[in-house]
Amino acid sequence: MNLEASTSELQHLDSHHHLHPFTDPKAILKDGARVITRADGIYLWDSNGEKILDAMAGLWCVNVGYGRENLAKVAYEQLQVLPYYNSFFKTTTPPAIALAKKLAEITPEGFNHVFFTNSGSEANDTVMRTVRRYWRVQDKPEKRVIISRKEAYHGSTVAAASLGGQSFAHEMDGLPIPDIAHIDHPYWYGKGGDLSLDEFGLKTAQCLETKIKEIGPDKVAAFIGEPIQGAGGVVVPPDTYWPEIQRICKKYGILLIADEVICGFGRTGKWFGSETFGIKPDMMPIAKGLSSGYLPIGGVMMHDRVMDVLIEKGGDFAHGFTYSGHPVSCAVALENIKIIEDEKLVEKVANETGPYLKKRWQEFESHPIVGEVRNVGLLGAIELVENKEKRQFFPSDKKVGDACKTFCFENNLVMRALKDTMVVSPPLTMTVEQIDEMTDLVKLCLDLTAEKFGIK
Ligand code: PXG
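Just add 1399 to wherever you are in the sequence shown, counting from 1, and you've got this note's numbering.
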């Protein structure tokens, strides 16, 4: 392939041969895709030579930033020694062993086993099968229902998309599959009404108890939630939320799954979002920041509470992927974790860049188009509203978030629009100077959006 080809040639080939995820193929035929050709640190370059600030770390994943030679070197060396072997049928490889041991060290107490996958979606498929297996081998096969939340995102396989709570994803092909239920999510700004944060947190968590009683506790297997909902709009739960969820799971004896695919590996200022919110899960799906996206890898951390049952009564674990524990992905993930440790990126987010981002973004609270600003670690969300005093949203057909995203695009900033919520999730290597640079660009795009919609 001629990498010197012009942008229009590349776009033509792309739109005629490549079906893109979460994209309208007709729109891409008309507009063409932006062609990203290289990256370094927190920046991307496109085929026109434009330099772009990537405030999304790819798709919430490039935690150590782009251009890490060490990761390339480790991959090259592992490819030479052992490019592939599997972990089925009583075999294993040194990189898979080393990564499994490292994960047991950095995850919360009691997580001593990992099942490897290639993605977060596969991790959540694994969760679904393991949860049901866990109850089945304890002679409770009727305990099958998994309770999730509205606007959750757990991936795009049939099981993961069913666990997800976004109606547009379900509408694609008639999901969810049976034995999955969805309850309200703790989105205080949008749904809290006159309730205080704490009252709303409790009330929303108690939807879990109501749902368990409605279905019957003997039929409910597990509850799954992201510590902070990511693709659902960076929904930060009130402080009362997770302790109440935890209490209810314990009371009814159902497993608690914390989906750490976005929150894991330092994003919230601790290694895992569960630690930030005091959650004590039984399983934790992981992916993204595990390898900073340099190679595909995910997994499910299994707590001893689960493993003890699987070892004692489980028999053959009839589940696995050809590339579970791929040696090259494992070697890269291990080196990626070493970078996070050596550069103290988790501490940096907790003590320096997280608080600085929060402080800078507080400035947006007085912006006429901004209803609420939310920050935890290096996650940020800005709610665009028509009337901030009345907490009144724009009609959805105005597509204000999309318009803001277009301004970002034109000004070489990658920021996600989740409906009318603008979000960032930058590399954890972002410096305070780069936070200033990003914040100035965000301000410019908010100003342009306010002007376009006549908000003063
Ligand atoms: N769980 C969570 C919490 C996620 O955010 C997955 C699971 C699935 O992971 P994989 O590796 O199978 O994609 C995710 C993925 C977006 C966006 O639009 C978010 C994700 C993926 C793609 C786009 O914000 N999250």
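The C-beta atom is built at its ideal place from N, Cα and C for all residues, glycine as well.
Could you tell me if residue i is buried or exposed, where buried requires 16 or more neighbouring beta carbons within 10 angstroms of its beta carbon?
| i | result |
| --- | --- |
| G1800 | buried |
| A1426 | exposed |
| G1692 | buried |
| M1571 | exposed |
| T1436 | exposed |
| D1835 | exposed |
| I1685 | buried |
| T1857 | Within the shown structure, residues of the chain are numbered from 1400 to 1855, placing residue 1857 beyond reach of any answer. |
| E1392 | Nothing about residue 1392 can be reported from this structure: the residues present for the chain run from 1400 to 1855 only. |
| P1493 | exposed |
| L1452 | buried |
| H1417 | exposed |
| T1516 | buried |
| E1476 | exposed |
| A1802 | buried |
| T1422 | exposed |
| L1428 | exposed |
| S1407 | exposed |
| L1502 | buried |
| F1865 | Residue 1865 is absent from the structure shown; the chain starts at 1400 and stops at 1855. |
| H1415 | exposed |
| A1559 | buried |
| K1669 | buried |
| A1499 | buried |
| L1478 | exposed |
| H1581 | buried |
| E1643 | buried |
| A1495 | buried |
| D1819 | buried |
| Y1552 | buried |
| E1521 | buried |
| I1576 | exposed |
| R1667 | According to the sequence displayed, residue 1667 carries Thr and not Arg. Burial call: buried. |
| A1456 | buried |
| F1487 | exposed |
| F1763 | buried |
| T1490 | exposed |
| F1567 | exposed |
| G1776 | buried |
Could you check how far apart the C-beta atoms of residue i and residue j are, in whole angstroms? I think they sit under 8 Å.
| i | j | result |
| --- | --- | --- |
| F1806 | C1844 | 4 Å |
| I1656 | M1682 | 5 Å |
| N1523 | L1481 | The Cβ separation is near 29 Å, so there is no contact. |
| P1637 | I1678 | Between I1678 and P1637 the Cβ distance is about 14 Å, and since that is not below 8 Å, they are no contact. |
| I1611 | Y1640 | Not quite, the Cβ-Cβ distance comes to about 16 Å (not below 8 Å), so this is no contact. |
| F1622 | P1507 | 18 Å between Cβ atoms; not a contact. |
| S1547 | G1519 | Not confirmed; about 14 Å, so no contact. |
| R1773 | V1633 | 6 Å |
| K1855 | P1767 | 6 Å |
| K1341 | C1460 | Given a span of 1400 to 1855 for the chain in the structure shown, any question on residue 1341 remains unanswerable. |
| A1780 | A1474 | Not quite, the Cβ-Cβ distance comes to about 34 Å (not below 8 Å), so this is no contact. |
| D1658 | G1624 | 7 Å |
| I1441 | V1544 | Between V1544 and I1441 the Cβ distance is about 42 Å, and since that is not below 8 Å, they are no contact. |
| F1510 | H1702 | 6 Å |
| E1734 | L1470 | 6 Å |
| G1629 | I1661 | 4 Å |
| S1690 | A1732 | 4 Å |
| G1665 | V1748 | 6 Å |
Mind checking if residue i is an interface residue toward chain C, Cβ cutoff 8 Å exclusive?
| i | result |
| --- | --- |
| L1428 | Here chain C cannot be found, since the structure has a single protein chain. |
4 or more residues per run - each alpha helix (DSSP H) lying fully within the stretch 1784-1815
1799-1809
Say whether the stretch 1526-1544 touches the stretch 1590-1607, bearing in mind that this needs 3 or more beta-carbon pairs closer than 8 Å, one atom from each stretch.
no
Check whether the stretch 1703-1720 touches the stretch 1758-1773, taking contact to mean three or more Cβ pairs, one atom from each stretch, closer than 8 Å.
no
Ranges of the beta strand (DSSP E) found wholly within the stretch 1676-1706, counting only runs of at least 3:
1682-1685, 1697-1702
For the structure I just gave you, are there three or more beta carbon pairs, one from the stretch 1826-1840 and one from the stretch 1456-1469, closer than 8 Å?
yes
Just list the alpha helix (DSSP H) runs in the stretch 1525-1586, keeping only unbroken ones of 4 residues or longer that don't cross its boundaries, in chain order.
1557-1562, 1566-1570
What alpha helix (DSSP H) runs, 4 residues minimum, are completely inside the stretch 1425-1510?
1456-1459, 1468-1480, 1493-1505
Start-end ranges of the alpha helix (DSSP H) lying completely within the stretch 1706-1773, minimum 4 residues
1726-1741, 1744-1747, 1753-1761
Contact between the stretch 1808-1822 and the stretch 1731-1748 is defined here as three or more beta-carbon pairs at a separation below 8 Å; is this criterion met?
no
Could you give the uninterrupted runs of the alpha helix (DSSP H) lying entirely in the stretch 1634-1680, keeping only those of 4 residues or more?
1640-1651, 1672-1676
Identify every run of the beta strand (DSSP E) within the stretch 1585-1625, keeping only runs that are complete inside it and at least 3 residues long; order them along the chain.
1619-1624
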